[in-house]
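Undergrad: After the structure tokens below, expect a handful of questions from me.
Protein chains: 2
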Amino acid sequence: MSEMSNSTMEARPGKRDRLIASARTLIHEQGVHRTTLADVAARADVPLGNVYYYFKTKDELVGAVLESYTREAAALLEKFEHHRSPKARLKALVGNWNSMRDAIAEHGCPMGTLCSELDKSDGEAADDAAAVLAIIIDWAEDQFRQLGRRDARDLALSLFAGVQGAALLANTFRDPTILARQGRQLERWIDSIGSPRREGR
Amino acid sequence: MSEMSNSTMEARPGKRDRLIASARTLIHEQGVHRTTLADVAARADVPLGNVYYYFKTKDELVGAVLESYTREAAALLEKFEHHRSPKARLKALVGNWNSMRDAIAEHGCPMGTLCSELDKSDGEAADDAAAVLAIIIDWAEDQFRQLGRRDARDLALSLFAGVQGAALLANTFRDPTILARQGRQLERWIDSIGSPRREGR
DNA sequence: GTCTATAAGATGATAGAC
DNA sequence: GTCTATCATCTTATAGAC
């Protein structure tokens, strides 16, 4: 690469980054399948044939998109550390999806729908998709553990399932308020979590 | 149609029904996109060209699959009416997904993944997909209302979001126990639901 | 009603000039 | 490094014999 991986001086981002950003948007809106490389190239203002200089295959481009989600998720979680209590951090996590509720109602959770679609593909991309969700769930588990819960893993999975399920329903019914109301429910649930308690029943 | 829509006497189901059943299975396993009409025809033991006698387009076949899910959901809910209490009925609903946990871990919830995929398509099939989920949510809302809850709609959406989210995670991580454990959590939650309570907080 | 052969269109990928 | 032109493949859908 003769070009830094990101913008220099005044210019817009390099072609590689433009392609990834373009693919991210289009894949969120249309899914992997309906998004053609011609679409991605046009939106990034890069000639079609040139895409293959940066990504050997379409799968590799999808992989780069997944990597960008992983990086973004990690950055987001780090940002949440600024909150003082584990409960506040968990509520910030829920609030993040709530703040995207309109986009989610239109096209679903970018990561959730991608995981769902890639699991039906044949490539090994599904593993990378799982890794994105795992980062978030592991982090949530850690927060619940800080609250003294032995069943932290289950609680983390429940919380994230609640978010992802609400995203699916909000998208299916094209109704962002589903996400907002579920967000309130989850926040109340987080608030209600008490001191250590035996798991199992 | 010179043939009844289903089996007569000894023979296996008619071609139309075989095509729908074949499409159902393949779409669950591979998604709509990867499932070609050639696949569907081969599995149903029907020549490719003949598919178009029964379904004018692929979309129409997908529509028939959606319709079969709608019918199945309605039959399932009716079966649940045999349980005496609303709580038992709701737990039966959760138990239904739990009983399919291995298949769900492999390929996701048949209806949930289909809704997700169709929402990224352009056709109007997405509306039919939403109708399938709506039947179940409306039913659950009714159960919560029978429990005297004013916020029955929110509770129904929360419950179903919990199920669908867990299905997504079970599929993404290929781990059926996620669904089993979330099922237990949801059952406990149902049990804990008390008498009427002001919604909102 | 049933089936074979094939048309028509879309898209991932490559060759090779610049 | 960049881009145009094009190939190769796959898949929906149709034409038309039986």
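Protein chains in written order, with our numbering: chain A, 48 to 248; chain B, 48 to 248.
A virtual CB, placed ideally from N, CA and C, is assigned to each residue, including glycine.
Predicted model only: the values in this text are computed from it and were never measured.
1. For the segment 215-235 of chain A, which residues have a CB atom closer than 7 Å to at least one CB atom of chain B, in sequence order?
2. Looking only at C-alpha atoms, which of B:S163, B:R90, B:T117 sits nearest to G212 of chain A?
3. Checking contacts by CB at 8 Å: is S163 of chain B closer than that to chain A?
4. Can you find a CB in chain A that lies within less than 8 Å of the CB of A152 of chain B?
5. Run the proximity test for L215 of chain B: is its beta-carbon closer than 7 Å to any non-hydrogen atom belonging to the ligand NAD?
6. Helix or strand or just coil, what does DSSP make of M158 of chain A?
7. Counting only runs of 3+ residues fully inside the segment 75-162 of chain B, write out the beta strand (DSSP E) ranges in chain order.
8. For K134 of chain B, which residues in chain A fall below 9 Å Cβ to Cβ?
9. Below 8 Å between beta carbons: does that hold for V179 of chain B and Y116 of chain B?
10. Are the CB atoms of Q77 of chain A and K167 of chain B nearer to each other than 8 Å?
11. For A177 of chain A, which residues of its own chain have a beta-carbon under 8 Å away from its beta-carbon, when the five flanking residues on both sides are left out?
12. Would A120 of chain B pass as a contact of I183 of chain B if the rule is Cβ separation under 8 Å?
13. List, in chain order, every chain A residue whose beta-carbon is nearer than 8 Å to that of L204 of chain B.
14. Count the other CB atoms within 10 Å of the CB of P94 of chain A; is the residue buried (16 or more) or exposed (fewer)?
15. Roughly how far, in whole angstroms, is the beta-carbon of L165 of chain A from the beta-carbon of A152 of chain A, given that I think they are within contact range, below 8 Å?
16. Distance cutoff 8 Å, beta carbons only. Does R131 of chain A sit that close to anything in chain B?
17. Cα separation between G230 of chain A and W144 of chain A?
18. At a CB-CB cut-off below 7 Å, which residues of chain A make contact with V196 of chain B?
19. Report the rounded CA-to-CA distance for D149 of chain B versus M158 of chain B, giving the unit in angstroms.
20. Roughly how many angstroms separate the alpha carbons of T160 of chain A and T219 of chain B, rounded to a whole number?
21. Just to confirm my understanding: we take K134 of chain B, look at its own chain, exclude 5 residues before and 5 after, and list those with CB closer than 6 Å. What are they?
22. Find out if the Cβ-Cβ distance for the pair H75 of chain B, H154 of chain B is shorter than 8 Å.
23. Using a Cβ-Cβ cut-off of less than 7 Å, list which residues of the segment 168-198 of chain A approach chain B; keep chain order.
24. Could you tell me if S146 of chain B is buried or exposed, where buried requires 16 or more neighbouring beta carbons within 10 angstroms of its beta carbon?
TA: Taking the geometry as given:
1. Taking 7 Å as the Cβ-Cβ cut-off against chain B, the residues of the segment 215-235 of chain A that qualify are L215, L216, N218, T219, F220, I225, R228, Q229, Q232, R235.
2. Nearest option by C-alpha distance: B:S163.
3. Interface residue (Cβ-Cβ distance to chain A less than 8 Å): S163 of chain B is classified as such.
4. No, A152 of chain B does not count as interfacial toward chain A.
5. This structure simply doesn't include the ligand NAD, nor any ligand for that matter.
6. Here M158 of chain A sits in helix by DSSP.
7. Assignment of beta strand (DSSP E) within the segment 75-162 of chain B, counting only whole runs of 3 or more residues, yields no such run.
8. None at all; the shortest Cβ gap to chain A is about 16 Å.
9. It is a contact, given that the beta carbons lie within the stated cut-off.
10. Yes, the pair counts as a contact, with Cβ atoms nearer than the cut-off.
11. Listed in chain order, the non-local C-beta contacts of A177 of chain A below 8 Å within the same chain comprise C162, local neighbours out to five positions each way being set aside.
12. Yes; because the gap between Cβ atoms is below 8 Å, this pair is in contact.
13. Residues of chain A with a Cβ closer than 8 Å to the Cβ of L204 of chain B are, in chain order, A213, L216, I225, R228, Q229.
14. It is exposed - the Cβ of P94 of chain A has fewer than 16 other Cβ atoms within 10 Å.
15. Contact doesn't hold; Cβ gap of about 22 Å is too wide.
16. With 8 Å as the cut-off, R131 of chain A does not count as an interface residue toward chain B.
17. About 8 Å.
18. According to the sequence provided, residue 196 of chain B is Arg. The question's Val does not apply to it. Per Cβ cutoff of 7 Å: no residues; R196 of chain B is ~13 Å from chain A at best.
19. Roughly 15 Å separates the two Cα atoms.
20. Their Cα atoms are separated by approximately 11 Å.
21. Cβ-Cβ distances below 6 Å link K134 of chain B to I237 in the same chain, with the five nearest sequence neighbours on each side left out; the list follows chain order.
22. For H75 of chain B and H154 of chain B, yes; Cβs fall inside 8 Å.
23. Result list: A176, A177, L180.
24. Label assigned to S146 of chain B: exposed.
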